[in-house]
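Have a look at the structure below before the remarks.
In this note's numbering, the protein residues as written are 655 to 825.
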């Protein structure tokens with residue numbers, strides 16, 4: 655593709671929405687890009703379907719949650735399993751989050767057993783468990799720089815807020 659055609663595509667895109675898809679196909683997914691893509695490594699450790707992945711704050715660790723009811727923390731750049739967490743869940747894990755500003759030592763998991771569990775990686779134990787939802791826990795959310803609060807969303811149609819400073823607090 656010659657450079658003049660890129661300018662032509664850009665002009666067409668500005669004035670005609672119909673050329674947008676063609677523009678994306680021709681300039682963003684190039685044959686060169688496709689040829690460069692490839693599998694670098696497989697991180698092996700789960701015995702069931704992996705349902706969720708979550709990076710830590712600085713992008714050096716990756717957590718995965720699975721149908722095998724385990725969470726694994728990986729060093730993805732060295733292709734190594736760092737921690738295998740037996741979560742205590744009795745259903746598929748659908749969401750996992752590192753709590754921010756916790757030095758990557760605290761993870762939260764939510765699962766099909768309708769429970770939320772907080773895990774201390776240093777002590778290798780579950781420090782908090784809640785059976786608050788009436789449906790499978792599908793997503794967890796955190797707020798940057800707040801290591802003691804998180805939210806959960808479940809199939810029961812509720813979003814709950816948790817504050818680990820007050821273990822009885824569920825909003």
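We put the beta carbon where it would ideally sit given N, CA and C, even for glycine. From a predicted model like this one, the values you see are computed outputs, not experimental measurements.
To the nearest angstrom, how far is the alpha carbon of residue i from that of residue j?
| i | j | result |
| --- | --- | --- |
| residue 740 | residue 774 | 12 Å |
| residue 794 | residue 744 | 18 Å |
| residue 655 | residue 690 | Residue placement at residue 655 is poorly supported in this model, since its pLDDT is 46, which falls under 50; the coordinates still yield a value, given next. Cα to Cα, the separation comes out at about 18 Å. |
| residue 772 | residue 685 | 45 Å |
| residue 657 | residue 687 | Reliability of the predicted coordinates at residue 657 is poor, the pLDDT of 49 falling under 50, and the value obtained from them is presented with this limitation in mind. Using only the alpha carbons, I get a separation of about 17 Å. |
| residue 807 | residue 792 | 6 Å |
| residue 701 | residue 718 | 12 Å |
| residue 712 | residue 722 | 27 Å |
| residue 730 | residue 703 | 18 Å |
| residue 818 | residue 802 | 5 Å |
| residue 708 | residue 756 | 15 Å |
| residue 790 | residue 816 | 17 Å |
| residue 735 | residue 716 | 10 Å |
| residue 760 | residue 699 | 20 Å |
| residue 720 | residue 783 | 18 Å |
| residue 825 | residue 749 | For residue 825, the predicted model reports a pLDDT of 43, less than 50, meaning its position is unreliable; a value from the coordinates is still stated below. Roughly 20 Å between the two C-alpha positions. |
Do residue i and residue j have their C-beta atoms within less than 8 Å of each other?
| i | j | result |
| --- | --- | --- |
| residue 754 | residue 714 | no |
| residue 638 | residue 747 | This structure cannot speak to residue 638, because the chain is shown only from 655 to 825. |
| residue 849 | residue 728 | In the structure displayed, the chain extends from 655 to 825; residue 849 sits before or after that span and is not available. |
| residue 763 | residue 813 | no |
| residue 788 | residue 810 | yes |
| residue 804 | residue 769 | no |
| residue 710 | residue 758 | yes |
At a threshold of 7 Å, does residue i count as lining the ligand ZN (C-beta to nearest heavy atom)?
| i | result |
| --- | --- |
| residue 729 | The model depicted lacks the ligand ZN and carries no ligand whatsoever. |
Assuming residue i contacts residue j under a Cβ cut-off of 8 Å, what Cβ separation, rounded to an integer in Å, is found between them?
| i | j | result |
| --- | --- | --- |
| residue 733 | residue 766 | Not a contact, Cβ separation roughly 29 Å. |
Can you confirm whether the segment 727-747 touches the segment 768-784 when touching is taken to mean that 3 or more C-beta pairs between the two stretches lie within less than 8 Å? yes
Counting only runs that start and end within the segment 693-760, where is the beta strand (DSSP E) found for 3 or more residues in a row? 704-709, 716-720, 724-729, 734-740 and 747-752
Whole alpha helix (DSSP H) elements within the segment 771-821, 4-residue minimum: none
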